[in-house]
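Asker: Residue numbers (UniProt numbering): 1 to 397. Glycine included, every Cβ here is placed at the ideal spot set by N, Cα and C. Questions regarding the structure given below will be posed in turn.
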Amino acid sequence: MKKIAKMSLVAAVAVAGFSTTASAGALEDAIKNTSILGYATYRYDDRSIDNTNFTDTKGKTLEDGTVVADGNEDDYNNTTNNKHKIAVGLISKINDDLSYTYVGAVTGTSDTTSEGVDYMGGNFYTVYSYFTYTGINNLTINVGQQTINTPQTDTYDDIGQTQEGTGITAVANVGPVTLVGGFMNQTKLSGEGVDVATGAEDLAVVAVMTKLGGVALDANFIDLKDFAESYTFGAKTSLDLGGVSLSPYARYTSLELDSGEEQALYYVGTKLKAGAFGANVSYTATGKDGGLVAFDDDAEAVNQGWALNLNTLDVEGDMIKLNASYAITSSISAAINHNMMNNDTTDLDSDETYGQLTWKPSKNFYAYARYGVVNQENAGAADTEAQRGRLHFTYMF
1 MKKIAKMSLV
11 AAVAVAGFST
21 TASAGALEDA
31 IKNTSILGYA
41 TYRYDDRSID
51 NTNFTDTKGK
61 TLEDGTVVAD
71 GNEDDYNNTT
81 NNKHKIAVGL
91 ISKINDDLSY
101 TYVGAVTGTS
111 DTTSEGVDYM
121 GGNFYTVYSY
131 FTYTGINNLT
141 INVGQQTINT
151 PQTDTYDDIG
161 QTQEGTGITA
171 VANVGPVTLV
181 GGFMNQTKLS
191 GEGVDVATGA
201 EDLAVVAVMT
211 KLGGVALDAN
221 FIDLKDFAES
231 YTFGAKTSLD
241 LGGVSLSPYA
251 RYTSLELDSG
261 EEQALYYVGT
271 KLKAGAFGAN
281 VSYTATGKDG
291 GLVAFDDDAE
301 AVNQGWALNL
311 NTLDVEGDMI
321 KLNASYAITS
331 SISAAINHNM
341 MNNDTTDLDS
351 DETYGQLTWK
361 PSKNFYAYAR
371 YGVVNQENAG
381 AADTEAQRGR
391 LHFTYMF
């Protein structure tokens with residue numbers, strides 16, 4: 001984040017338009033009290049499959065007729081594409097108790113077989129536009145279009161769209177406890193998970209977070225009127241064992257549609273850090289009717305792999321994730337991941353193995369190269385394989 005040194009062209013146009021009602025002093029103060037921030041991302045994906053026998057673990061139709069994400073078109077098919085995203089925001093301090101935040105973004109995707117493509121496609125949209133009031137001790141109130149910050153939603157995605165709503169939220173700190181409450185009358189929740197088609201359903205959120213004896217605990221409840229209710233409980237801690245750090249974590253999430261269908265997903269795991277070496281091991285499982293619990297696969301409640309995840313599986317299944325990493329230098333690290341997923345109903349076994357090399361030469365830039373292979377062993381059908389590659393660059397300012 002940095003102070004605006006001079007007015008941009010957009011600011012200059014705004015000044016010209018309001019010059020008859022705004023004083024020079026007021027505009028000068030506004031510029032001094034405004035910070036600008038943002039990021040730019042480029043990603044290249046290359047995916048292929050060896051035949052057409054891959055079984056769709058997504059795109060399932062629920063009992064009430066609600067369809068979730070569009071199959072695994074984005075996971076297994078033969079495709080190469082470029083993705084771009086630029087997000088720019090400002091935070092303007094109005095007075096000691098009041099501020100305004102705005103973030104806008106442009107995204108674009110192009111198939112590499114196309115020629116003359118307008119990469120960004122003019123797809124500009126508002127991400128955030130809200131006012132913040134902090135005039136009451138230990139209380140923060142946001143009013144306007146803002147993030148839906150829950151474990152069941154995706155609140156930050158440096159290449160895709162995130163999930164927001166318009167309404168009011170309040171965060172209160174009461175001793176060691178943080179209380180969150182919010183109400184929104186319009187939302188943008190459709191992602192890769194639960195598909196909320198209209199976004200016109202009222203949404204209420206209640207959350208509690210605290211820390212007891214070194215263990216961070218949280219509980220979160222979402223009510224999406226006339227559609228679904230979801231709750232989640234999470235816990236995590238960190239243990240220093242003399243040169244080795246262990247960070248166990250666990251979460252349970254449930255989502256019940258108003259039609260009566262109930263989905264559940266839980267996971268337990270631990271991270272390990274010993275010098276330059278790191279590891280992460282976890283076990284994730286669904287309820288007997290499936291694990292559709294989050295509005296996006298990237299949500300914290302999902303604990304997904306790369307191609308494999310249980311969020312949109314509407315039958316019983318589980319997954320084991322294994323990760324090992326090593327810091328080669330202060331700016332370069334390497335990691336290897338192996339994930340194994342089982343669909344208990346169809347006797348479908350899937351596994352993926354992928355490696356990643358990450359380069360982070362500064363705090364505001366990182367890049368990585370990733371390559372992996374996905375295998376499926378399907379009872380009664382031929383085994384299949386998919387290859388996946390990615391290059392990713394993100395610059396933050």
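Between Asn-220, Thr-358, His-84, Gly-234, which lies nearest to Asn-303 when the distance is taken from Cα to Cα?
Answerer: Gly-234
Asker: Taking the alpha-carbon of Leu-391 as reference, which of Gly-372, Glu-385, Glu-377 has the nearest alpha-carbon?
Answerer: Gly-372
Asker: Could you pull the start and end residues of the beta strand (DSSP E) that Gly-182 belongs to?
Answerer: 177-188
Asker: Tell me the DSSP secondary structure of Met-7 in three-state form.
Answerer: Low per-residue confidence applies at Met-7: pLDDT is 32, beneath 50, and the placement is therefore not dependable, though the value from the model is reported in the following sentence. Reduced to three states, the DSSP call for Met-7 is coil.
Asker: With which residues is Leu-265 paired in a DSSP beta bridge?
Answerer: Thr-253, Thr-286
Asker: Comparing alpha-carbon positions, which option in Ala-299, Lys-288, Val-281 lies nearest Tyr-249?
Answerer: For Tyr-249, the nearest C-alpha among the options comes from Val-281.
Asker: If we count the other Cβ atoms within 10 Å of its Cβ and call it buried at 16 or more, is Asn-136 buried or exposed?
Answerer: Per the sequence shown, residue 136 should be read as Ile rather than Asn. Exposed, by the Cβ-count rule.
Asker: Going by DSSP, which residues form a beta bridge with Lys-321?
Answerer: Ser-282, Asn-339
Asker: With DSSP run on the structure shown, which of helix, strand or coil describes Lys-225?
Answerer: coil
Asker: Under 7 angstroms, do Lys-154 and Asp-296 count as touching if we go by C-beta distance?
Answerer: Lys is not the amino acid found at residue 154; the sequence shown has Asp there. Cβ atoms of Asp-154 and Asp-296: closer than 7 angstroms.
Asker: Counting along the chain, where does the beta strand (DSSP E) carrying Val-194 start and finish?
Answerer: Neither: Val-194 is in no beta strand (DSSP E) and is coded neither H nor E.
Asker: How big is the Cα-Cα spacing for Leu-360 and Ala-207?
Answerer: Correcting the residue identity first, residue 360 is Lys in this sequence and not Leu. Rounded to whole angstroms, Lys-360 and Ala-207 show a C-alpha spacing of 34 angstroms.
Asker: What span of residues does the beta strand (DSSP E) with Asn-123 cover, start to end?
Answerer: 123-133
Asker: Using the rule of at least 16 other Cβ atoms within 10 Å of the residue's Cβ for burial, across every protein chain shown, is Lys-321 buried or exposed?
Answerer: buried
Asker: Going straight from the alpha carbon of Val-244 to that of Asn-185, what length do you get?
Answerer: 47 angstroms
Asker: Nearest CA to the CA of Thr-34: which residue from Ser-99, Ser-48, Ala-40, Ile-86?
Answerer: Ser-99
Asker: DSSP state of residue 416, grouped into three classes?
Answerer: As shown, the chain starts at 1 and ends at 397. That puts residue 416 outside it, with no answer to give.
Asker: Just to confirm before moving on: does the CB-CB distance between Thr-162 and Gln-145 stay below 7 angstroms?
Answerer: no
Asker: Pick out whichever of Val-205, Gln-263, Ser-333 has its Cα sitting closest to the Cα of Leu-313.
Answerer: Gln-263
Asker: For Phe-227, does the count of other Cβ atoms within 10 angstroms reach 16, so buried, or fall short, so exposed?
Answerer: buried
Asker: When DSSP builds the beta bridges, which residues end up paired with Trp-359?
Answerer: Looking at the DSSP assignment, Trp-359 forms a beta bridge with Ile-332, Ala-367.
Asker: For Phe-397, list the residues DSSP reports as bridge partners.
Answerer: In the DSSP output, where bridge partners are listed per residue, Phe-397 has none listed.
Asker: When DSSP labels each residue in this structure, what does Ile-136 get in the three-state scheme?
Answerer: coil
Asker: Glu-164 lies in the beta strand (DSSP E); which residues open and close that run?
Answerer: 164-174
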